[in-house]
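Under this note's numbering, the first residue of the sequence shown carries the number 171, and numbering increases by one thereafter.
Encoded as structure tokens, the structure appears first; notes follow it.
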Amino acid sequence: MLRFVSVDSGKYATKGVMKIEDGKNKTIIFRTKMDPTKEEKSSDKKSFVVEYKGERYLIGESAETVDYEKSKAKKIHKIATYAAIGYLVDDGDEVVLTIGCPIAIFYNVDERNQYKEFMHDEGEISIYINGVTKKFTIRKVIICPESSGIIYKNPNKYKDKLVGIIDIGGLNTNCCVYDRLAPVKSTHFTTNLGANILRNELKQYLNSVFPDANLQDWQMEHVIKNGYIKSHKEESKKVIAEFLQMHVNNIIEEAKKKNWDIKNIDLIFVGGGSKLLEREIKNVIPDAEVSETAEWDNAEGFNIIGGING
């Protein structure tokens, strides 16, 4: 059966969407972390053991290795994408796959094509996921620019509007102004101001400000959510709040450098990092829209494009 699958394999999480009957979606989400393993199955529900071309990996929450490099043409993203497809489709299905890439790469034709070729294995693909082998064939790969998903999802809402989309992902923040659904190419940019970068830099900063602290990567989600560290509760509140605000301010400054008229266009924030920084975003731009479905907008929007162009 022909399936339309979209996968947004970000530096923080991988999201997969497949359209099924009655216009509903089947979805999957897991952390984009991967380690070699000899296990046959994962011991927790947020991770998978995946075997592809004779190599076996633990992927998801229980893995530890995160990729901080700009390129999406990496083994971790390919394995994560194929794992998402394998989870969603039935054995023997054909797939029209729609995926995203940083907007700066999308507008570089050579880099975009290299990424497309890297992600498109010819012939039948066999992948083992937690003890089950799935086989599928990728008929076509469609590449979309990150940040554009919310436009594809809501064409009637934005068909007559001028909006600036700021997509705060794991590593990158991808930004572009859209005029009546079409990108204004001179406004697009990609900057390394994603949420994973924020977590890592904040961890290092807190460990330097409070020398008795020894914060680790796996603590930072809770530190940001709580707004303090336990050993220096009151002092750290101010430090963390100022650091988060500075991160958002830096994103806005990058937009200004690209001649965005921040005060006179409607700004829409998407990506998982936008929900994390919603309060700080509103401090700078009170009327900014932070999408309620920020983490899923790209994957869901890409799926619509796949259905149209597949």
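Note that CB positions come from ideal geometry on N, CA and C, so glycine has one too.
query                                                                                                                                    : result
Over the uninterrupted beta strand (DSSP E) stretch that includes I394, give me the two end residues.                                    : I394 -> not in any beta strand (DSSP E); alpha helix (DSSP H) instead, spanning 390-396.
Are A243 and Y285 touching if we call contact CB-CB under 7 Å?                                                                           : yes
Under the rule that 16 or more other beta-carbon atoms within 10 Å means buried, what is R350, buried or exposed?                        : exposed
Tell me whether the beta-carbon of M204 lies closer than 7 Å to the beta-carbon of I246.                                                 : yes
Below 8 Å CB to CB, which residues in the same chain sit around L385 once its five sequence neighbours on both sides are set aside?      : K373, L376, N377, V393, I399
Could you tell me which residues DSSP pairs with F174 in its beta bridges?                                                               : V266
Hey, how far is the Cα of A425 from the Cα of A464?                                                                                      : 19 Å
Can you tell which of E210, E391, E405, G256 has the C-alpha that lies nearest to the C-alpha of T307?                                   : G256
Whose C-beta lies closer than 8 Å to the C-beta of V482 among residues of the same chain, with five residues either side of it excluded? : Since the displayed the chain opens at 171 and closes at 480, residue 482 lies outside it and no answer follows.
Can you pull the DSSP bridge partners for K204?                                                                                          : This sequence places Met at residue 204; Lys is not what is there. I229, per the DSSP bridge assignment.
Exposed or buried, which one is K323 when buried takes at least 16 other CB atoms within 10 Å?                                           : buried
Are G319 and G471 close, meaning C-beta to C-beta below 7 Å?                                                                             : yes
On the three-pair Cβ rule with 8 Å, is the stretch 337-345 touching the stretch 291-307?                                                 : no
Would K428 and N300 be called neighbours here (beta carbons separated by less than 7 Å)?                                                 : no
Where DSSP assigns a beta bridge to Y348, which residues make up the other side?                                                         : V333, P353
So who's on the other strand from K185, going by DSSP bridges?                                                                           : D178, I199
Let me check one thing: in DSSP terms, what residues is T361 bridge-paired to?                                                           : T343
Given this structure, state the Cα-to-Cα distance separating A411 from G180, to the nearest angstrom.                                    : 25 Å
Apart from the five residues just before and just after E231, which ones in its own chain have a Cβ nearer than 6 Å to its Cβ?           : R201, K216, S217
Can you give me the C-alpha to C-alpha distance between F413 and W388, rounded to a whole angstrom?                                      : 19 Å
If you follow the beta strand (DSSP E) that V236 is part of, which residue opens it and which one closes it?                             : It is not in any beta strand (DSSP E) - V236 carries neither H nor E in the DSSP assignment.
Identify the continuous alpha helix (DSSP H) that holds S444 and give its terminal residues.                                             : 442-446
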